[in-house]
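The structure appears below as structure tokens.
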Amino acid sequence: MPAHTTTASIAILNPVVEQLRAGGFEVGQVKGGKPWGSGCPVGSSRCRVSVFFYPVPNQEKNRWEGSIHIIPAPPLWRALFGLRDRTAEERMTNLVADSLKEILPKHAQFLGVRWMPLQELCASKGYKD
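Those letters in the sequence shown? Residues 57 to 185, by the numbering used here.
See below:
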């Protein structure tokens, strides 16, 4: 298990990214984000979400755990780039969520990883639309 979580999360996300691309999604490069994770944009300029992985090492089971989040474009990003189609964003979120439901169980490294689509993430943070 790599010691650096950003490096590990990039490596762990790569199979997911490849399968999203194979499924016809436009997926950007996986990059390190905060000191503990990585993510990538999924979708076109008008309809984009981010898939972000926050890994947590489980030394007892010798695997990475944590959570994968599907995150909408932030309000400032929406304003700067004219991303106003909330219906398309929700549709993209649901498409990515459906793909993750199929992809994650196929990879052993995701056995301990939970994932959180947009609706659950917003509810957990107290956001309302």
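Glycine included, C-beta positions come from ideal geometry on N, C-alpha and C.
(request) Could you name the residues that DSSP lists as bridge partners for residue 150? (result) One-based indexing of the sequence shown puts residue 150 at position 94. In DSSP, residue 150 forms no bridge with anything.
(message) Buried or exposed for residue 68, going by 16 or more other Cβ atoms inside 10 Å?
(response) Within the sequence shown, numbered from 1, the residue matching residue 68 stands at position 12. Buried, because 16 or more other Cβ atoms sit within 10 Å of the Cβ of residue 68.
(message) Taking 8 Å as the limit between beta carbons, can you name the residues of its chain near residue 94, skipping five residues before and five after?
(response) As a position in the sequence shown, residue 94 is number 38, starting the count at 1. Excluding residues within five positions, the ones whose Cβ falls inside 8 Å are 62, 65, 66, 69, 86, 87, 88, 108, 109.
(request) Could you spell out the range, first to last residue, of the beta strand (DSSP E) harbouring residue 97? (result) Here residue 97 refers to the residue found at position 41 of the sequence shown. Element bounds for residue 97: 94-100.
(request) Would you tell me roughly how many angstroms separate the C-alpha atoms of residue 163 and residue 135, rounded to the nearest one? (result) On the sequence shown, residue 163 is found 107 positions in, with the first residue counted as 1. On the sequence shown, residue 135 is found 79 positions in, with the first residue counted as 1. So the two alpha carbons sit approximately 37 Å from each other.
(message) Here's the rule: buried if 16 or more other CB atoms are within 10 angstroms of the residue's CB, otherwise exposed. What is residue 131?
(response) Counting from 1 along the sequence shown, the entry for residue 131 is found at position 75. It is exposed - the Cβ of residue 131 has fewer than 16 other Cβ atoms within 10 Å.
(request) Would you mind sorting residue 145 into buried or exposed? The rule is 16 or more other CB atoms within 10 Å of its CB. (result) Taking the first residue of the sequence shown as position 1, residue 145 is located at position 89. By the neighbour-count rule (16 or more Cβ atoms within 10 Å), residue 145 is buried.
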